[in-house]
Amino acid sequence: MDIRPILSTLRRHKFTACLLIAEIALTCAIVCNAVFLIGQRLERMDMTTGIAEHELVYVHMAYIGMPSDGMARSAADVAALRQITGVKSVTMMNQIPFGDSSSNMGLRIDQTQQKDTINSAQYFGENMVQTYGLQVVAGRDFQPEEYQDLDKVFAGLRKGDLNALPKSALVTQAVANRLWPGQSPLGKQVYVGQGIPLTVVGVLKQLARPNQFEKGAQYSVINPIRIAMSQGAIYVLRCAPQDRDQVLKEALAKLKALDPNRIVLNKGTEDQLRHNYFRNDRAMAGILLGVCIALLVVTALGIVGLASFWVAQRNRSIGVRRALGATRRNILSYFQTENFLLTTIGIALGMVLAYGINLFLIMHYELPRLPAIYFPIGAVTLWAIGQAAVLGPALRAAAVPPVVATRSV
Amino acid sequence: MFAYYFDLAFRSLKRNKALTALMVLAIALGIGACMTTLTVLHVLSGDPLPQRSGSLYYPQIDPRDMVDYGPNVEPPEQLSWVDGMYLLHAKRAARQALMTGGMVPLQPTQSTVDPFQAVALYTSSDFFPMFGVPFKYGTGWVDTEDEGKARVAVISASLNDKLFGGKNSVGQVLRLQETAFRIIGVLGDWHPNPHFYEWYMGSYASDEDVYLPLTTARDLKMEHDGSTDCWGNSGGDPEHLETVNCTWLQFWVQLDTPASVADYKSFLEHYSQDQHTAGRFLRPPNVRLRNLMQWLDYLQVVPSDTRLQMWLSLGFLAVCLINTVGLMLAKFMRRASELSVRRALGASQRALFGQLLIESGVVGLLGGLGGLLLALFGLWLVRQQPADYAELARMDIAMLLTTLIIAVGASLIAGLLPAWRACHVAPALQLKGN
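Residue numbers (this note's numbering), protein chains in the order written: chain A, 1 to 409; chain B, 1001 to 1434.
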């Protein structure tokens, strides 16, 4: 198909053609970036935590008046919670993935180091590996005699008595690979605070930090420290997924019976925590999707509108062409080719613009670079939409009878 | 003349209903999306205390050790107890208040209400006059009550409604963490947004239920919530927050003149230098003194998603406008012969231009009205979202007028070019062609 006549026609409608190209370019650029952002959000929401997410329920409570024997009371609570039918394991933890609080610490591999190598989440609580369903891929879990009470740890820190502090740690594979790439982390020392050494005794396959995932989603360390409810611990219970509601109900009743002088701050399943944690991302992904669809629809309607005008305007010349021997196919493909040309120029400009917007987003929102795969996908989408939009008007043009040429106006 | 042009515009728009609908809809969608996001941004980045924000400052000093030290590091966002108390008692500003947030168990005396966790702010006496907090009943506490760790409480209007049915509860007893507090004040309408003075409990729509003296709260070992940032081997033990190397308190001062701001800044520098010389601060003096709006800017309280949504909607509006310009241009150019006849009959180019502009203005006005409805719907959708600021997303008069002005302005701009080109048709050529 010769495109010269198309180009010379477009030259007579330079301004309108430019507008259509600009519209397609902007749409292409915005849609490419929006789809990329949606992908980023979905990827975030898809993150793994390494814990038995569907089997955990939690209860977070606060005392109305502080008891002096917090540790003993918490031990009694845990013993009672273990009696609930269906409960496989119970623990008291300082934090839980997707929870709203977080305890973090800087890790160093050398005592003299001035800057922390990484910042990791600091989990503590007894029996965490079993309750959270963590996978130890090397080394071992903590022995019962390794655990220290949190209040004794604090007292030790105040007095500078390092003997009161825990000496071992479990680290995730992500931490091990970052601190000692290519080496076995078992037996290695990691330093926290002002040179407090911890020996790595085991490696976990995965354990996500509670939040602040931008600091390294899988940077987590467990210390063998016991924590009581009065110190802010959360009760975490593991059971079969179908027992969760029942277990939660019974646990609440039991805790209330044991000591009514406390308030439930928060309770639920780990699945609910995940759902709530990502609700803003979900809403944003929905908004982005809505904008993409609206943009494509508006652009498609714009193409339909403009093409209809051009068809109506060139009614007579189409008739002349038909009278001079052009087939319906020729007319149809004329409009299709015209649209293809405009869309292609728009897409080419749109790609440049998309790249520019992506650079802007990288600067302001710390996003990665737009993967190249988005460009061909964006192009094909816009070509398809352009062709679909122009089909109606083009068919109408093809239906113009040759006799129109003989009529005036 | 105007009426006649309007009549012509409506006739012309009616002739091609689908196209008119398309143009109006495109403008309405663009304006609606744009105004929704701009309204949210306008609400979220507003000034919480318009009359006072210019003289409220947030001092920062850097008491940390040399770990992670580097040039141009920002000082911590909060103060330690030792530094906070020193600055508070130094009284170098017109007013100053030290504060932190927390949750405190509240046991209502009314048996109908279960015990619950109340949102608390532990602060010092200047908090109320410095921020101009309105009182419905009673007053705040005074310096001596701070020093005496008095068991006094100021409660919010909503807590007063909940516990006392909105009646004057001054003098009544409030049981917090098994301790009896005397209510000395009930606040009036106090909902600063963003929640600038304590942002860890939520930047928006996070009003406290009770206000207690900070010294009293520490005396009773009330739990503090928010961020506790420690250095060295202190571990952030909540029982000994007065002595540990942790920052966990927010401090605000009122400085009314530029001279007092400069004085206060040099006071902070001298204090840091003294502490550095004494060996308590290991870093060289590193102070900041931002005013309220600069501080909010530094904290980046406006969620980045909100800004992203605004850019997205501006892009969307641009596409919708280009779409409308294109359609309008095509439409005007198609009427070249009609316009030529009018030109030949004596209409000036200006008259034609005016007529076409009125036609595009009508489209803009309709689109703007549609956009306004869509924006109201959009804001309703935002309010259904889970974000903490959702409740605040409401349109005010200023935004309403802005919407209409932007809509008509945008469509006039959209109509300008097509009208300009259309009124420049050469009448003779067009008439001959027919």
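All residues carry an ideal CB built from backbone N, CA and C; glycine is no exception.
Collapsed DSSP secondary structure at residue i in the structure displayed
| i | result |
| --- | --- |
| R314 (chain A) | coil |
| L1163 (chain B) | helix |
| V374 (chain A) | Sequence check: residue 374 (chain A) is Tyr here, not Val. Y374 (chain A): helix per DSSP, three-state reduction. |
| L1440 (chain B) | Residue 1440 (chain B) lies beyond the residue range present for chain B, which begins at 1001 and ends at 1434; the question has no answer from this structure. |
| Q1327 (chain B) | As written in the sequence, residue 1327 (chain B) is Leu, which differs from the Gln given in the question. Reduced to three states, the DSSP call for L1327 (chain B) is helix. |
| V409 (chain A) | At V409 (chain A), the pLDDT of 49 sits below 50, so the modelled position is not reliable; the number obtained from the coordinates is stated separately. Correct three-state label for V409 (chain A): coil. |
| L1392 (chain B) | helix |
| D151 (chain A) | helix |
| L1079 (chain B) | strand |
| L1187 (chain B) | strand |
| M105 (chain A) | strand |
| K1091 (chain B) | coil |
| N1434 (chain B) | Interpretation of N1434 (chain B) is limited by its pLDDT of 49, a score under 50 that renders its predicted location unreliable; no figure is taken from the coordinates. |
| Y1137 (chain B) | strand |
| V1244 (chain B) | coil |
Neighbour flag for residue i against chain A, beta carbons, 8 Å
| i | result |
| --- | --- |
| M1066 (chain B) | yes |
| H1424 (chain B) | no |
| N1245 (chain B) | no |
| L1323 (chain B) | One point to set straight first is that residue 1323 (chain B) is Asn, not Leu, in the sequence displayed. Output row for N1323 (chain B): interface = yes. |
| E1077 (chain B) | no |
| F1316 (chain B) | yes |
| P1071 (chain B) | no |
Beta bridge counterpart(s) of residue i as assigned by DSSP
| i | result |
| --- | --- |
| T199 (chain A) | A:S168 and A:Q189 |
| L1204 (chain B) | Note that residue 1204 (chain B) is Tyr in the sequence shown here, rather than Leu. DSSP lists no partner for Y1204 (chain B). |
| T1179 (chain B) | B:L1176 |
| L1121 (chain B) | B:G1101 and B:Y1211 |
| G268 (chain A) | A:Y58 |
| P1059 (chain B) | B:L1289 |
| I234 (chain A) | A:H60 and A:M93 |
| I345 (chain A) | According to DSSP, I345 (chain A) bridges with nothing at all. |
| R226 (chain A) | A:D149 |
| Q1107 (chain B) | B:R1175 |
| R262 (chain A) | A:Y63 |
CB contact check: residue i to chain B, cutoff 8 Å
| i | result |
| --- | --- |
| N177 (chain A) | no |
| A283 (chain A) | yes |
| E23 (chain A) | yes |
| L301 (chain A) | yes |
| D116 (chain A) | yes |
| V291 (chain A) | yes |
| F213 (chain A) | no |
| Y219 (chain A) | no |
| M45 (chain A) | no |
| R11 (chain A) | no |
| M66 (chain A) | yes |
| A389 (chain A) | no |
| N280 (chain A) | yes |
| V403 (chain A) | no |
| A394 (chain A) | no |
Euclidean distance between Cα positions of residue i and residue j
| i | j | result |
| --- | --- | --- |
| T410 (chain A) | P1418 (chain B) | Only positions 1 to 409 of chain A appear in this structure, which leaves residue 410 (chain A) out of reach. |
| L1282 (chain B) | G1232 (chain B) | 11 Å |
| V1261 (chain B) | Q1096 (chain B) | 13 Å |
| V201 (chain A) | S168 (chain A) | 6 Å |
| V409 (chain A) | R316 (chain A) | For V409 (chain A), the predicted structure reports a pLDDT of 49, less than 50, and the residue's modelled location is therefore unreliable. A value from the coordinates is still provided. Each residue's Cα considered, the two are about 8 Å apart. |
| Q111 (chain A) | Y191 (chain A) | 6 Å |
| G1166 (chain B) | L273 (chain A) | 36 Å |
| N1434 (chain B) | A1344 (chain B) | Caution is warranted here: a pLDDT of 49 is assigned to N1434 (chain B), below 50, making its placement in the model unreliable, and the coordinate value is therefore given only provisionally. Rounded to whole angstroms, N1434 (chain B) to A1344 (chain B) spans 14 Å at the Cα level. |
| A217 (chain A) | S102 (chain A) | 13 Å |
| D1435 (chain B) | Y1122 (chain B) | This structure leaves residue 1435 (chain B) out entirely; chain B is present only between 1001 and 1434. |
| I401 (chain A) | V320 (chain A) | Before going further, note that residue 401 (chain A) is Pro rather than Ile in the sequence given. Answer to the nearest angstrom: the Cα atoms are 9 Å apart. |
| N1245 (chain B) | S1080 (chain B) | 7 Å |
| L186 (chain A) | T1247 (chain B) | 35 Å |
Any non-hydrogen atom of the ligand NAD within 7 Å of residue i CB
| i | result |
| --- | --- |
| I6 (chain A) | Judged by which ligands are present, the structure shown has none, so any question about the ligand NAD falls away. |
- prompt: Counting Cβ pairs, one atom from each stretch, are 3 or more of them under 8 Å apart for the stretch 1302–1320 of chain B and the stretch 1394–1401 of chain B?
  reply: no
- prompt: Is it a yes or a no for the stretch 62–76 of chain A touching the stretch 270–290 of chain A, going by three-plus beta-carbon pairs under 8 Å?
  reply: no
- request: Specify whether the stretch 1048–1060 of chain B and the stretch 1129–1139 of chain B touch according to this definition: at least 3 beta carbon pairs, one from each stretch, less than 8 Å apart.
  value: yes
task: Flag this pair as touching only if the stretch 1363–1375 of chain B and the stretch 1016–1028 of chain B have three or more C-beta atom pairs under 8 Å; answer yes or no.
output: yes
- prompt: Below 8 Å, can you find three or more Cβ-Cβ pairs linking the stretch 71–81 of chain A to the stretch 154–162 of chain A?
  reply: no
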